[in-house]
Amino acid sequence: MADTDEAAIHMPSQDGSAHIEVDLSDETQDFRMLSNISFLSDGSQASIPKRGEKDFEPNPTLYQADVLSASRQAMHNALSYPRIHHPKNQIVGVYAPIGPVAPPPTTSNLESITEETQPTESPSKAIGNVHPDACVYVANPKSNLFKTMGQADRWNRIWLLPEEALFMLERGSLNIHWPRSEVGYDEDEHSVEDSEIPMSLQAAYAAFASRGGLNSERFSVYTGLRRLGYTVTRAPGWDDEAEEASSNEPQASENIRQQGAGLAGIYSRFMKWLCPPSSNTALGPVAGVGFHRSYDDIYSKLSIIPWYDPTANLNPGSPAQAPYRVVFHVYKPSTPFKKSAPPAPDFRIAVVNARAHTSFPTLSQLGALLESTPLDPPSSEKMSRQLYMRLRHGYRNVILAVVDEGVVSYLRISEAAFGKEKLYKQKAVANKTQYRPKPKGR
Amino acid sequence: MESDPILLPIPISYIAGSYFLFSIDAVTYLRREHHICGVLSGTLPQIPQQNVFLGLPLKLMPEEARLLVEKGVACIVDEVNAQRAGMRALAADDRRKYLRELEAQGAHAMRLQTSRKELQREEALRKVQAKKAAAAAKKAGADAAPDAAGATAGSDEPAATENPSRRASTTTTNSEIHAPYGTTMGITPATSHPPLPYSPATSTTLPPPAVPPSYPLFAHLHADGYYLSPGLRFGCQYLAYPGDPLRFHSHFLVVAADWDEELDLMALVAGGRLGTGVKKGFLIGGAEHTRADDAGIMGEPESVRTFSVEWAGM
């Protein structure tokens, strides 16, 4: 009956779809809702408004026109909110168009002049361990954001990567100034002295959004996650050409395979020796003739179809090709993060431009991408009990961020190992607490 | 909405393979007059920790940018080169003028903020006072419960006499506190219009953007008054809204097809079911090949035919 079918579509059934949270960012929200937030209190305290009511279709009533124009006015007001910096706590960065350089010797103290002689010869190398793509330095890094962003050089300045600088400027936390060399002062190329002229948002996008491997898709993903509180760092796969560092440590794989050789294992091995499994299935039953002491034996003999074991150490295939490469490491806000020694990331993200790559990645592309991620077996206590969670979690996983003109969809891809879940070995009790997979919102 | 008339053509910044608008006036103008919404992709500085309300810049689809260029409303600017060349060519006078302007704006912002803080403080003080007065009145009322009439009169009076005096005192302090004129707010402007000129130099303008083959359908629906936005997240190419998405839900999931393209029946079923499931029509359409474009063969928006698929319950 089509009717009941449709009703089921419209009415959220009790289990699955009741869990779907309404993702407010899915659609355009009425900006009038925004004005409910009091801007007088500090921004972090503000709660996000509930979704507003929308009309079905336009009608020529004055009422509707008024509401629409009020919405547009609210949007106009919200978007024209200026980015201002109080002089007391303003953080000023300076754009360095040629990358990290040492400060000019004139500004440094007398004591440091002696060690200054070398840096002036090869400015980009002497800067320490600052990333070569960094292009904005901050002399007074007083913000919580620097806990997860930027790299310090020997002169206590923090260098920001293009995406970090642009994100901070966009959220109004950083005022970036042009260097003197870029705004018409007659100075040499390498001078990155502060010109006091602030960079506009437009200029910052022009300067940073295409710099050092950044593009607008990657930046959309970066800011979207940063806004939600995740810590996002570049992964080794950032540079399209660069060979990926072997992130394929054979760490956990060893102890997984060496399992379950207890007393029962010895017994079963003994039994196997007594009645060796016949490999010939052409004559006689697939399960083989002979003694069958348990159903497990029969089932294991019946499993004649080969399956893929993600934990098996295969010889590495082709390296992951752009864009199916991990470009971001993402950490949950709850994960303790140290800039100097970042922990293992919670998520690995590859960014795909949906306009440039219109088809789903091929198996070899996905395989190479998954192979570039370390083994992440479903080992938590909860997962050891729940079969469906284990299958869903998989043994390797990666998140694809598909960007369609600024709208980002996240897909989690994991390598499930159905062959490793031997159902016949499961106790009947284990299936009582059934886990229902939660439908993902996006 | 804004008093200043918009200067046409509006410069659209081409940066890192995408089309951006940075001017709020241009954004509201295009939304109101040309049904171009784009996708807001920036962080709102007033509430930076969320993804529901986003801010400038506005990201335009290549289709939207192309449409505006064809209408003569906008032009495409190679922003990276325009910025670099423009800023390098700044003269000392320009710099000084720009800095003075920013300083004036910063001082204004500072005055606004200090006066707002003052107001807030006053408000808070008044609230505390009102609370105190209410508590006192309650206490007085409880004490003189038997003699009710006298008690209310008695408690009313001190509150009434107290308030004006306090208010007077706060206003005097208010008038004493000036905005600290010496200090100014640092400002990050949204656009580079001052100091750079509004209209770009001809050397930095770019040809109209390359568009996907779905462009005729896009232009056709847009001409019919629909507001279109990217729809991959919802399983289609575009979402078609009957009015401004600020106020209306979308009606159609739009997928473009070639004129002679063979359609996979499964795709039709999937699209139809998806659309019906979210109470929208699944719209499929395309243009007859009539015009050879520099970007390839392209149909006219006028020759576009559209079909909508809906799951009917029988």
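These protein sequence lines map, in sequence, to chains B and X. Under the UniProt record's numbering, the residues of the first sequence are numbered 1 to 442, in order. Under the UniProt record's numbering, the residues of the second sequence are numbered 1 to 314, in order. Even glycine gets a Cβ: it sits at the ideal position worked out from N, Cα and C.
Near residue i, which residues of its chain fall below 7 Å by C-beta distance, leaving aside the five closest residues on each side in sequence?
i: residue 96 of chain B; result: 135, 136, 137, 179 and 192
i: residue 9 of chain X; result: 72, 73, 74 and 75
i: residue 18 of chain X; result: 59
i: residue 148 of chain B; result: 231, 337 and 339
i: residue 222 of chain X; result: 35, 67 and 228
i: residue 361 of chain B; result: 324
i: residue 225 of chain B; result: 232 and 330
i: residue 162 of chain B; result: 133, 135, 208, 211, 212 and 214
i: residue 196 of chain B; result: 177
i: residue 70 of chain B; result: 32
Since residue i sits in a beta bridge, which residues does DSSP pair it with?
i: residue 22 of chain X; result: Answer is none; residue 22 of chain X lacks a bridge partner.
i: residue 309 of chain B; result: Answer by DSSP bridge pairing: none, since residue 309 of chain B is not bridged.
i: residue 55 of chain X; result: X:42
i: residue 220 of chain X; result: Looking at the DSSP assignment, residue 220 of chain X forms no beta bridge with any residue, so it has no partner.
i: residue 397 of chain B; result: B:414
i: residue 75 of chain X; result: X:11
i: residue 353 of chain B; result: B:403
i: residue 93 of chain B; result: B:138 and B:176
i: residue 309 of chain X; result: X:282
i: residue 287 of chain X; result: X:304
i: residue 85 of chain B; result: X:186
i: residue 232 of chain B; result: B:330
i: residue 55 of chain B; result: X:248
i: residue 359 of chain X; result: This structure cannot speak to residue 359 of chain X, because chain X is shown only from 1 to 314.
i: residue 408 of chain B; result: B:403
By the 10 Å Cβ neighbour count, where 16 or more other Cβ atoms means buried, how is residue i classified, buried or exposed?
i: residue 128 of chain X; result: exposed
i: residue 140 of chain B; result: exposed
i: residue 237 of chain X; result: buried
i: residue 56 of chain B; result: exposed
i: residue 79 of chain X; result: buried
i: residue 313 of chain X; result: exposed
i: residue 172 of chain B; result: buried
i: residue 72 of chain B; result: buried
i: residue 322 of chain X; result: Beyond the ends of chain X as shown, which are 1 and 314, falls residue 322 of chain X; an answer cannot be given.
i: residue 261 of chain B; result: Note that residue 261 of chain B scores a pLDDT of 49, beneath 50, so its modelled location is shaky; the value from the coordinates is reported in the next line. Under this definition residue 261 of chain B is an exposed residue.
i: residue 216 of chain B; result: buried
i: residue 292 of chain B; result: exposed
i: residue 423 of chain B; result: exposed
i: residue 92 of chain X; result: exposed
i: residue 144 of chain B; result: exposed
i: residue 200 of chain B; result: buried
i: residue 153 of chain B; result: buried
i: residue 302 of chain X; result: exposed
i: residue 326 of chain X; result: Because chain X is modelled from 1 through 314, residue 326 of chain X falls outside the range shown and cannot be assessed.
i: residue 146 of chain B; result: buried
i: residue 230 of chain X; result: buried
i: residue 165 of chain B; result: buried
i: residue 425 of chain B; result: exposed
Enumerate in chain order the residues of its own chain whose CB-to-CB distance from residue i is below 8 Å, with the five nearest sequence positions on each side excluded.
i: residue 286 of chain B; result: 301, 302 and 304
i: residue 321 of chain B; result: 365 and 368
i: residue 272 of chain X; result: 282, 309, 310 and 311
i: residue 159 of chain X; result: With a pLDDT of 42 at residue 159 of chain X, under the threshold of 50, the modelled position of this residue cannot be trusted, and the question is left open.
i: residue 183 of chain B; result: 195 and 197
Near residue i, what residues of its chain come up, given a Cβ to Cβ distance below 6 Å and the 5 sequence neighbours on each side ignored?
i: residue 208 of chain X; result: 66 and 69
i: residue 29 of chain X; result: 6
i: residue 237 of chain B; result: 244, 325, 326 and 327
i: residue 254 of chain X; result: 236, 237, 238, 240 and 283
- Segment contact flag, the region 182–195 of chain X with the region 73–88 of chain B, C-beta cutoff 8 Å, min 3 pairs: Yes, the region 182–195 of chain X touches the region 73–88 of chain B.
Which runs of the beta strand (DSSP E) fall wholly inside the region 225–259 of chain X and span at least 3 residues, in chain order? 227–230, 238–241 and 252–256, all fully within the region 225–259 of chain X.
Exercise. Do the region 188–205 of chain X and the region 59–70 of chain X touch if we need at least three Cβ pairs shorter than 8 Å?
Worked result: Judged by Cβ distances under 8 Å, the region 188–205 of chain X makes no contact with the region 59–70 of chain X, as fewer than three pairs qualify.
*What runs of the alpha helix (DSSP H), each 4 residues or longer, lie entirely inside the region 152–176 of chain B?*
You should have 162–170.
| task | Decide if the region 239–253 of chain X is in contact with the region 39–51 of chain X; the criterion is three or more beta carbon pairs, one per stretch, under 8 Å apart. | result | At 8 Å Cβ cutoff, the stretches do not touch.
Task: Inter-stretch contact (C-beta, 8 Å, three-pair minimum) for the region 81–94 of chain X and the region 193–203 of chain X - done: As far as the Cβ criterion goes, the region 81–94 of chain X touches the region 193–203 of chain X, which means the pair count is three or higher.
Stretch pair the region 74–82 of chain B + the region 23–32 of chain B: three plus CB contacts closer than 8 Å | Contact holds: three or more Cβ-Cβ distances are below 8 Å.
### Message
So, does the region 397–415 of chain B touch the region 344–359 of chain B, judging by three or more C-beta pairs under 8 Å?
### Response
They touch, by the three-pair rule.
Handout entry: Any alpha helix (DSSP H) of 4 or more consecutive residues that is wholly inside the region 319–389 of chain B
Key = If we require 4 residues or more, the alpha helix (DSSP H) runs fully inside the region 319–389 of chain B come out as 363–371 and 381–385.
task: Let me know the alpha helix (DSSP H) ranges lying completely inside the region 195–219 of chain B, each 4 residues or longer, listed in chain order.
output: Taken in chain order, the unbroken stretches of alpha helix (DSSP H) that lie wholly in the region 195–219 of chain B and span 4 residues or more are 201–208.
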